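Asks: Pasting in a structure now, in structure tokens, and then I'll have a few things to ask.
As structure tokens, this is what we get:
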């Protein structure tokens, strides 16, 4: 059960940016063979099915998140959401398993539909846990627990946050961990901005279950330097990648709780200003100095990694 439990967390937040700033930045070659389902007048929607079901809350969350991000980032971002079923996932997505949300191509978010492989795998793992361990999840995901509400409805906010970064940056970044921390920060901030807090409670109950369960086992990588140097190996190891994401999520919650929207906008500006195409590749000392100068000692203390040989030590 442990292996299944942790592997399904493998790549919830995978992103691969190859972005350019242009008037219409969306890579429309990725829409070939999809149906234009026109579920929103705020952004474009495509799907492998003519009338996919149960997308109302996903669309609502993305519309609310777009309004929030547009306001704090002073943008009017155009983007497309691709809803892809399990059978066609490999044709449109960057990486399996089906249902793993991702922002990969210019201006596109890819989400699963129906019962995704990702959600189904985790639901099977939950069925092997003591009932009391999953009681809180039932409050927010229903009974039986439907984790497509997490993988599609909640994590869409994380992926949309990545797009607001990618729109202004090149395909290279100073550190993968900074990208992922920003994605988590956007995810928390957007959900917190909603009048109805169900989405935040869903994502938080899930993350807290992973943290409390501590079912990661023996991890090969724990430092930020290892996250950078061995990124694809970490990504392939679901439990190790999942462990890192819980660390980023915990940091993001504390940062947003203390500094609010102003830090979200400041973080995006920081990522834009430190883009590799502008500054070149910075070493850990140089990057650490810019982080301290930009955000101050208090933020730096929150970013301090609890494991040796990290770039914020």
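In the working numbering, the protein residues as written are 26 to 338.
Think of the CB as a built atom: it goes at the ideal place given N, C-alpha and C, for glycine as much as any other residue.
This one's a predicted model, so the numbers in the text were calculated from it and none came from an experiment.
Below 8 Å on the Cβ atoms is my guess for residue 181 versus residue 87; work out the distance and round it to an integer in Å.
Replies: Indexing the chain shown from 1 puts residue 181 at position 156. Indexing the chain shown from 1 puts residue 87 at position 62. Sure, about 6 Å apart at Cβ, within 8 Å.
Asks: So, are the CB atoms of residue 102 and residue 95 less than 8 Å apart?
Replies: Residue numbering aside, residue 102 sits at position 77 when the chain shown is read from its first letter. Residue numbering aside, residue 95 sits at position 70 when the chain shown is read from its first letter. Their beta carbons are under 8 Å apart, which means residue 102 touches residue 95 by this criterion.
Asks: Note down the Cα distance separating residue 286 from residue 214, rounded to an integer number of angstroms.
Replies: For this step, residue 286 is matched to residue 261 along the chain shown. For this step, residue 214 is matched to residue 189 along the chain shown. Approximately 7 Å, taken between the alpha carbons.
Asks: How long is the line joining the alpha carbons of residue 138 and residue 300, rounded to whole angstroms?
Replies: By one-based count along the chain shown, residue 138 stands at place 113. By one-based count along the chain shown, residue 300 stands at place 275. Cα-Cα distance, rounded: 34 Å.
Asks: How would you label residue 225, buried or exposed, when you count the other beta carbons within 10 angstroms and need 16 or more for buried?
Replies: To locate residue 225, count along the chain shown from 1; it is residue 200. The residue in question, residue 225, is buried, as its Cβ has 16 or more Cβ neighbours within 10 Å.
Asks: Using beta-carbon positions only, say whether residue 293 and residue 190 come within less than 8 Å of one another.
Replies: Against the chain shown, residue 293 aligns to sequence position 268. Against the chain shown, residue 190 aligns to sequence position 165. Contact flag set, yes.
Asks: Grouping DSSP H, G and I as helix and E and B as strand, with all else coil, what is residue 341?
Replies: The first residue shown for the chain is 26 and the last is 338, placing residue 341 beyond what the model contains.
Asks: For the structure I just gave you, are there three or more beta carbon pairs, one from the region 305 to 323 and one from the region 234 to 241, closer than 8 Å?
Replies: The region 305 to 323, when compared against the region 234 to 241, does not touch it at the 8 Å Cβ threshold.
Asks: Is it a yes or a no for the region 137 to 152 touching the region 169 to 185, going by three-plus beta-carbon pairs under 8 Å?
Replies: Contact holds: three or more Cβ-Cβ distances are below 8 Å.
Asks: My output table needs one value for residue 132: the three-state DSSP class, helix, strand or coil.
Replies: Position 107 of the chain shown holds residue 132. Note: residue 132 maps to coil in three-state DSSP.
Asks: Which residues share a DSSP beta bridge with residue 109?
Replies: One-based indexing of the chain shown puts residue 109 at position 84. Partner(s): 137.
Asks: At 4 residues or longer, and completely inside the region 66 to 124: list those alpha helix (DSSP H) runs for me, N to C.
Replies: For the region 66 to 124, whole alpha helix (DSSP H) runs of length 4 or above, ordered along the chain, are 81 to 98, 114 to 117.
Asks: Reducing DSSP to helix, strand and coil, say where residue 212 ends up.
Replies: If you number the chain shown from 1, residue 212 lands on position 187. In the structure shown, residue 212 sits in a helix (DSSP, three-state: H, G or I).
Asks: Does the pairing of the region 273 to 284 with the region 76 to 92 give three or more beta-carbon distances under 8 Å?
Replies: No, because fewer than three Cβ pairs between the region 273 to 284 and the region 76 to 92 fall closer than 8 Å, the two stretches do not touch.
Asks: In angstroms with no decimal places, state the Cα-to-Cα distance between residue 21 and residue 119.
Replies: Because the chain in this structure spans residues 26 to 338, residue 21 falls outside the shown range and cannot be described.
Asks: Looking at the strands, I want to know which residues DSSP matches up with residue 127.
Replies: Residue 127 sits at position 102 when you count from the first residue of the chain shown. 135.
Asks: Can you give the beta carbon distance from residue 160 to residue 186, rounded, assuming they're within the 8 Å contact cut?
Replies: As a first step, residue 160 must be located in the chain shown, where it is residue number 135. As a first step, residue 186 must be located in the chain shown, where it is residue number 161. Actually they do not touch by this definition, with Cβ atoms about 30 Å apart.
Asks: Please state if the CB of residue 165 and the CB of residue 222 are separated by a distance shorter than 8 Å.
Replies: On the chain shown, residue 222 is found 197 positions in, with the first residue counted as 1. On the chain shown, residue 165 is found 140 positions in, with the first residue counted as 1. The answer is no: Cβ separation not under 8 Å.
Asks: How many angstroms separate the CA atom of residue 210 from the CA atom of residue 168?
Replies: Position 185 of the chain shown, counted from the start, is the residue given in the question as residue 210. Position 143 of the chain shown, counted from the start, is the residue given in the question as residue 168. C-alpha separation (whole angstroms): 29 Å.
Asks: How many Å lie between residue 46 and residue 154 at the Cα?
Replies: Working through the chain shown from its first residue, we reach residue 46 at position 21. Working through the chain shown from its first residue, we reach residue 154 at position 129. Here the model assigns residue 46 a pLDDT of 45, short of 50, so the residue's position is not dependable, and the following value carries that caveat. Cα to Cα, residue 46 sits roughly 47 Å from residue 154.
Asks: Give me the Cα-Cα distance between residue 59 and residue 51, rounded to the nearest whole angstrom.
Replies: Within the chain shown, residue 59 is the residue found at index 34, counting from 1. Within the chain shown, residue 51 is the residue found at index 26, counting from 1. If I take the Cα positions, the gap works out to 15 Å.
Asks: Going by beta-carbon coordinates alone, are residue 296 and residue 195 separated by less than 8 Å?
Replies: By one-based count along the chain shown, residue 296 stands at place 271. By one-based count along the chain shown, residue 195 stands at place 170. It is not a contact, given that the beta carbons lie outside the stated cut-off.
Asks: Could you check where the alpha helix (DSSP H) with residue 146 kicks off and where it finishes?
Replies: Your numbering for residue 146 matches position 121 in the chain shown. From DSSP, the alpha helix (DSSP H) with residue 146 extends over 142 to 152.
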